[in-house]
Every structure is written in structure tokens, then in C-alpha cells.
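Here the structure comes first, spelled out in C-alpha cells, and everything after it is commentary.
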Amino acid sequence: DGEWKAVSFLWKEPSEEIIELLPELDIKVFVCSAENYRQAVYDHFNQRLLNGCQSALEDLPADRVKKVSDLIWKEWSFQPGDLCYDCCCDSGVGSQALSKVGLKPFAFDLDRELLCRGLQEGRLETWNTALLDATKASQYLERAPFAIMLMAGDINVGNSWIWERIFGQVHELADHLLITVASEEEADMLRRWAEEKGRKCRVFENTRDPFYDRWVCSLD
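In short: position in the sequence shown from 1, add 673, done, that's this note's numbering.
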């Protein structure tokens, strides 16, 4: 209908019959990596998101990125460029902290307005951010060395079932996890969920931040 059309063979090799047919067709063939293709897809949809979304109000304390960066430096040994998921990323404070210490962030959240705020402020990048339901994350994302989930909660009796599902997905995504919550009770809940999955969770109080990331659950 006057529009261009495309087909991708990034996840499935074309058959010999199709390859032989290509010279006879009035088409152009481009070669790129699967990573570049994924980044282009994310960029496309995030640009659409930015064009049609009302962003959330900014409420990020000026020193929080540094506090999160310091926590990551202390807790993990990693190589520059290692992939780390910023799960339930909010407006992207975690992604900015990950970039600051040399990790490669990929952020996702289900809140459009918070994603818009993070994208507008430059804490999130259009090519490595996704509007994604965290309860289904492992269906779309490959396993990575690291993942963070900052200020999870408020986790309580009424909503713990959904947070347990999200925790289960984050557990599937990464080898090393760092999850922060506001209270020791919430951290103990995370520790119980981790032990039920056969993983040890070290819980400790984070003195850098008495409000946002006070209690930490670290899983290896």
C-alpha cells in the first residue's frame, strides 16, 4: 500500500531456496547483528512512547545515584561492559548508577510516565529500555550476569503475591542480584523467597541511605 515492508532472518537462517530467489526480487538486503536489530526496535518504540506520554514529576534526590553506585562497587566484582538488568527501573536511577561504575544497563518497567521521565532526563537510553511487565520478563530477556531492583515494595500482606512473582522472574534473569527495600521485614521476606528457590540471600542494612535503599538483599 505504498509503504515499505521488511522481513528479518536474525533468529532463523533463510533457506537455500530463499537465498537463490533474492537476486530475482526488487529488494535490498542488509546485514546487521541481532543486538543492533534489538536496539533499533527498542529505540523505535521508546521514541513513540516519548511522543505520546505525559512524564512523571521529578522526585530524585541529587545524591542518590552516588549512593547506589557506591553500593554496587562494594558488593560486586565485575568486568567493564558486563550486562546488568535494572528491573522495575522507575525513572532510571539504577541505570545511571550502573553506567557510572562501568556496567552495561538494560532497564525495564511497566510505568510509562516514569520511563518517560527517565528518558527525558537522560538516565535511560532509548535503545536499552523496554516497557515490560516484570512478571513476564524472563520470556523476553536472556540471562545476564547481574540484575538490580531498587526500592522494591512497599511489600505487604496484600501485595506480596505479585512481588513474589516479580522476584521469581528476576531470580531467573541473573546470576547475581541486588535488591533494596525500605524495611527489614521486607528484606526477610525476600530472603525467604530466595531460600525457597535454593539460593542464599545475605541481608544487611545499607547505612548510605536511610530511606530509599535502607535494606539490601544480595544473592549470588
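Ideal placement from N, C-alpha and C gives every residue a C-beta, glycine not left out.
Straight through space, the alpha carbons of S742 and E878 are spaced by roughly 16 Å. DSSP, reduced to helix, strand and coil, places T808 within a helical segment of the structure shown. By the neighbour-count definition (other C-beta atoms within 10 Å, threshold 16), P778 is a buried residue. The secondary-structure analysis by DSSP pairs V889 across a beta bridge with T853 and F877. R875 is a Cβ neighbour of S891, given a cutoff of 7 Å. In this structure, the beta-carbon distance from E786 to S728 falls below 7 Å.
Three or more beta-carbon pairs separated by less than 8 Å link the segment 753-766 to the segment 809-824, which places the two stretches in contact. DSSP assignment within the segment 678-762 yields the following whole alpha helix (DSSP H) runs of 4 residues or more, N-terminal first: 689-694, 707-724 and 737-748. W749 and K773 have their alpha carbons spaced roughly 14 Å apart.
Our two residues, Y710 and Q720, have alpha carbons roughly 15 Å apart in a direct line. With contacts defined by Cβ atoms closer than 7 Å, A780 and S768 form a contacting pair.
For K773, the enclosing alpha helix (DSSP H) begins and ends at V766 to V774. The residue among K678, S706 and D716 with its C-alpha nearest the C-alpha of I700 is K678. The beta-carbon separation of Y715 and A817, rounded to 16 Å, does not stay under the 8 Å limit for a contact. Between the alpha carbons of L788 and V766 lies a distance of about 11 Å. Ranked by Cα distance from A707, the options E697, D784 and S681 are led by S681. In the structure shown, the three-state DSSP call for F884 is coil. Each residue's CA atom was taken as its position, placing S688 and Y813 some 26 Å apart. Taking every protein chain shown into account, the CB of N829 has fewer than 16 other CB atoms within 10 angstroms, so this residue is exposed. Under the DSSP assignment, I821 falls in the beta strand (DSSP E) whose first and last residues are A817 to M822.
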